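So the protein sequences, as listed, match chains A and B.
Under the working numbering, the very last position in the first sequence is 111; numbers go up by exactly one each time.
Under the working numbering, the very last position in the second sequence is 226; numbers go up by exactly one each time.
We put the beta carbon where it would ideally sit given N, CA and C, even for glycine.
All values derive from a computational prediction rather than experimental measurement.
One structure is given below, encoded as structure tokens.
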Amino acid sequence: RKEVEQDPGPFNVPEGATVAFNCTYSNSASQSFFWYRQDCRKEPKLLMSVYSSGNEDGRFTAQLNRASQYISLLIRDSKLSDSATYLCVVRDSGGYQKVTFGTGTKLQVIP
Amino acid sequence: ETGVTQTPRHLVMGMTNKKSLKCEQHLGHNAMYWYKQSAKKPLELMFVYSLEERVENNSVPSRFSPECPNSSHLFLHLHTLQPEDSALYLCASSLWGGQSTDTQYFGPGTRLTVL
Numbered sequence: 001r002k003e004v005e006q007d008p009g010p011f012n013v014p015e016g017a018t019v020a021f022n023c024t025y026s027n028s029a030s031q032s033f034f035w036y037r038q039d040c041r042k043e044p045k046l047l048m049s050v051y052s053s054g055n056e057d058g059r060f061t062a063q064l065n066r067a068s069q070y071i072s073l074l075i076r077d078s079k080l081s082d083s084a085t086y087l088c089v090v091r092d093s094g095g096y097q098k099v100t101f102g103t104g105t106k107l108q109v110i111p
Numbered sequence: 112e113t114g115v116t117q118t119p120r121h122l123v124m125g126m127t128n129k130k131s132l133k134c135e136q137h138l139g140h141n142a143m144y145w146y147k148q149s150a151k152k153p154l155e156l157m158f159v160y161s162l163e164e165r166v167e168n169n170s171v172p173s174r175f176s177p178e179c180p181n182s183s184h185l186f187l188h189l190h191t192l193q194p195e196d197s198a199l200y201l202c203a204s205s206l207w208g209g210q211s212t213d214t215q216y217f218g219p220g221t222r223l224t225v226l
């Protein structure tokens, strides 16, 4: 089983739609979680951290389910500018606290 | 944004060449990282430096040699590379690598092609 697993997509959604991505992780001791966004041929940029209680930033909502070992990202009212690859990132506990990236889920918002 | 800069942005080299990638961070961070990103693969962590000491080396071939002269600069020295080493090489920095809230900020990357 991959350490961090994501559906690669692509998810093709119309403008204004709501879309959700899931990410599963294998290490139950993982400590912190993030969503990064990567535009084509650009570097990853932090979108949001994921907290145990869930958190929201405008149209974006992140949730963590420790029991089932997955995190989710919900995007409401999709914009064309949301088209990108969304990377799930998991940080382990202890020592150096290794960071593992998923392969990413590609989102294409269509006019 | 110029928090983390990388040079060159593009590099084409032959298998017998020696080249170096440079990364500089202007964020006052203490940890720096090299990642490799190949098509359809997740980012692969190569090296981590915290306070100029290497704390992680993910079994990277010796043809890749990192150097961290100070907390603001990180180099990746390349020699006798293989075509399969062609990828996007990303540098990142963070305030410190040991805290759960630590966030990594990435440079724009160097797109390397090995002929």
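{"Asked": "Give the DSSP-derived three-state secondary structure of Asp57(A) in the structure shown.", "Found": "strand"}
{"Asked": "Which chain B residues sit within Cβ distance under 9 Å of Val50(A)?", "Found": "The premise fails here: Val50(A) is roughly 12 Å from chain B at the closest Cβ pair, so nothing lies under 9 Å."}
{"Asked": "How about Phe33(A) and Leu47(A): are their beta carbons less than 9 Å apart?", "Found": "no"}
{"Asked": "Cutting at 6 Å between CB atoms, please list the residues of its own chain near Thr224(B), excluding the five before and the five after it.", "Found": "Val123 and Ser197"}
{"Asked": "Mind checking Trp207(B): buried by the 16 CB within 10 Å criterion, or exposed?", "Found": "exposed"}
{"Asked": "Do you know how far the Cα of Arg174(B) is from the Cα of Glu195(B)?", "Found": "13 Å"}
{"Asked": "When Cβ atoms are compared, which residues of the stretch 10 to 36 of chain A fall closer than 9 Å to chain B?", "Found": "Gln31, Ser32, Phe34 and Tyr36"}
{"Asked": "Name, please, each residue of chain A whose Cβ falls closer than 8 Å to the Cβ of Gln212(B).", "Found": "Note on identity: in this sequence residue 212(B) is Thr, with Gln being the wrong assignment. Per Cβ cutoff of 8 Å: Ser32 and Ser49."}
{"Asked": "Provide the residue(s) that pair with Thr24(A) in DSSP beta bridges, ordered along the chain.", "Found": "Glu5(A) and Tyr70(A)"}
{"Asked": "Between Val4(A) and chain B, is the shortest Cβ-Cβ distance under 9 Å, so that the two count as touching?", "Found": "yes"}
{"Asked": "Using a cut-off of 7 Å between C-beta atoms, extract the partners of Gly102(A) located in chain B.", "Found": "Pro153"}
{"Asked": "List the residues of chain B that Val90(A) touches, going by C-beta distances under 9 Å, in chain order.", "Found": "By Cβ distance, chain B contributes nothing, its closest Cβ being about 11 Å from Val90(A), past 9 Å."}
{"Asked": "Kindly indicate which residue of Ser68(A), Pro44(A) and Pro111(A) has the alpha-carbon position closest to the one of Cys23(A).", "Found": "Ser68(A)"}
{"Asked": "Determine, using beta carbons only, whether Tyr25(A) and Thr105(A) come nearer to each other than 9 Å.", "Found": "no"}
{"Asked": "Work out the CA separation of Ala142(B) and Pro177(B) for me, nearest whole Å.", "Found": "14 Å"}
{"Asked": "If you draw a straight line from the C-alpha of Glu167(B) to the C-alpha of Arg91(A), how long is it?", "Found": "14 Å"}
{"Asked": "May I ask you to check if the CB of Met124(B) is nearer than 8 Å to at least one heavy atom of the ligand PLP?", "Found": "With respect to the ligand PLP, the structure offers nothing, as it holds no ligand at all."}
{"Asked": "Name the chain A residues whose beta carbon is nearer than 9 Å to that of Gly220(B)?", "Found": "Arg41, Lys42 and Glu43"}
{"Asked": "Any idea what DSSP makes of Glu195(B), helix, strand or coil?", "Found": "helix"}
{"Asked": "Contact criterion: CB-CB distance below 9 Å. Does Glu135(B) meet it with respect to chain A?", "Found": "no"}
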